[in-house]
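Participant: Offset between the sequence shown (1-based) and our numbering: plus 203.
Every residue, glycine too, gets a C-beta built ideally from N, C-alpha and C.
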Amino acid sequence: MTAGTGRRDHAPSPPGIRAVLFDVDYTLIRPGPVFDVEGYVRNGLRFGLTLDPERWPLAQRAAWEAVERRRAANGHEHDMSLIPAVTRAVVSALAGEEACRLTPEACEACARYQADQWWDLDNFTVFEDVQPCLERLRSASMKMGLVSNTNRDLQAVTTHFGLGPYVDVAVASVDVGVMKPEPEIFLACLERLDCGPEEAAMVGDNEYDDMRGALAAGFSLAVLLDRRGRQRKLAERGEPVHAPAIESLSELPAVLGL
């Protein structure tokens, strides 16, 4: 990416890339409106709660802080209770301290209901650029895998969203006991693909979990999928950015030299 122009200049990919691993949530599939502020407010009414949409920025910060607290407590071990911890933080922030004190059972029930929605695949959709990208990679005989910090059965995910023809291997943190950015989860996927890290690229939306994790595992390439264009905006201000970064999976084949 060229600072000051907003133009993304993709450096040539390392030669010999044979496999591409993808993150899942926010990379291949998009959470639906039930997880937006309107969804929280609407579902809060189920439990007699009036959740304040004006507190959404506070709730987003509370969610991030909840993740950081869980990581501080558990390291990178797989965390079965991470999603409920996040939804609990969001509901608490939207409800406010007094509501949580007066109606703790309702707040907890709402948080658990929201967490349950995360496991319903009907609450997600595939990004429009996914299938064309995977088809292009498959036509180039690229091996493909999924790595995700999740309790989900990733085989069910690939089946539900029609990704089975493209995905050779899928590894969830619940399968290996550790979460990204631990190298172990990346290497477990590569082992099943019969591919070394020097022959692999990682694509994901999280610079810490996906990019640093893959590079620590020895990957030749880590591509940041920045759908909101944050990296471009940083570059326009002359600030350092991750390279390579793309805003759509339609850009990925070119990054890989295909």
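So the candidates are ASN354, CYS398, MET382; which of them puts its Cα closest to the Cα of VAL372?
Facilitator: Position 169 of the sequence shown holds residue 372. Nearest of ASN354, CYS398, MET382 to VAL372, Cα basis: CYS398.
Participant: Going by CA-CA distance only, name the one from VAL377, TYR316, GLY380, PRO236 that's closest to ARG249.
Facilitator: Residue numbering aside, residue 249 sits at position 46 when the sequence shown is read from its first letter. ARG249 has its Cα closest to that of TYR316, out of VAL377, TYR316, GLY380, PRO236.
Participant: Three-state secondary structure (DSSP) at ALA420?
Facilitator: Working through the sequence shown from its first residue, we reach residue 420 at position 217. The answer is coil: DSSP assigns ALA420 none of H, G, I, E or B.
Participant: With DSSP run on the structure shown, which of helix, strand or coil describes LEU452?
Facilitator: Residue numbering aside, residue 452 sits at position 249 when the sequence shown is read from its first letter. Residue state, collapsed to three classes: helix.
Participant: Which runs of the alpha helix (DSSP H) at least 4 residues long sit entirely within the region 339 to 404? Give them in chain order.
Facilitator: Qualifying alpha helix (DSSP H) stretches, in chain order: 357 to 363, 376 to 379, 386 to 396.
Participant: For the alpha helix (DSSP H) containing LEU224, name the first residue and the last one.
Facilitator: Here residue 224 corresponds to residue number 21 of the sequence shown, with the count starting at 1. It is not in any alpha helix (DSSP H) - LEU224 instead sits in the beta strand (DSSP E) that spans 222 to 225.
Participant: Since I believe LEU390 is in contact with ALA222 (beta carbons under 8 Å), could you give me their beta-carbon distance rounded to a whole number of angstroms?
Facilitator: Along the sequence shown, read from residue 1 onward, the residue named residue 222 stands at position 19. Along the sequence shown, read from residue 1 onward, the residue named residue 390 stands at position 187. That belief does not hold up - the Cβ atoms of ALA222 and LEU390 are roughly 12 Å apart, past 8 Å.
Participant: Decide if the region 251 to 265 is in contact with the region 295 to 308; the criterion is three or more beta carbon pairs, one per stretch, under 8 Å apart.
Facilitator: Touching, per the Cβ criterion.
Participant: Got a sec? Which residues, its chain only, sit under 8 Å from ARG341 by beta carbon, not counting five neighbours each side?
Facilitator: On the sequence shown, position 138 is the one that residue 341 refers to. Taken in chain order, the residues that qualify are MET347, PRO368, TYR369.
Participant: Please report the straight-line C-alpha distance between GLU271 and GLU280, rounded to a whole angstrom.
Facilitator: Position 68 of the sequence shown holds residue 271. Position 77 of the sequence shown holds residue 280. In a straight line, the C-alpha of GLU271 is about 13 Å away from that of GLU280.
Participant: Taking 8 Å as the threshold (C-beta atoms), are PHE327 and GLY235 in contact?
Facilitator: Within the sequence shown, the letter at position 32 stands for residue 235. Within the sequence shown, the letter at position 124 stands for residue 327. For GLY235 and PHE327, yes; Cβs fall inside 8 Å.
Participant: Distance, Cα to Cα, GLU241 vs GLY251?
Facilitator: Translated into the one-based positions of the sequence shown, residue 241 becomes position 38. Translated into the one-based positions of the sequence shown, residue 251 becomes position 48. The straight-line gap from Cα to Cα measures roughly 15 Å.
Participant: Is it buried or exposed, TYR411, if we count other Cβ atoms within 10 angstroms and call 16 or more buried?
Facilitator: Here residue 411 corresponds to residue number 208 of the sequence shown, with the count starting at 1. The residue is exposed, with fewer than 16 neighbouring Cβ atoms inside 10 Å.
Participant: Going by beta-carbon coordinates alone, are ASN354 and MET283 separated by less than 8 Å?
Facilitator: As a working mapping, residue 354 is identified with position 151 in the sequence shown. As a working mapping, residue 283 is identified with position 80 in the sequence shown. Closer than 8 Å, so yes.
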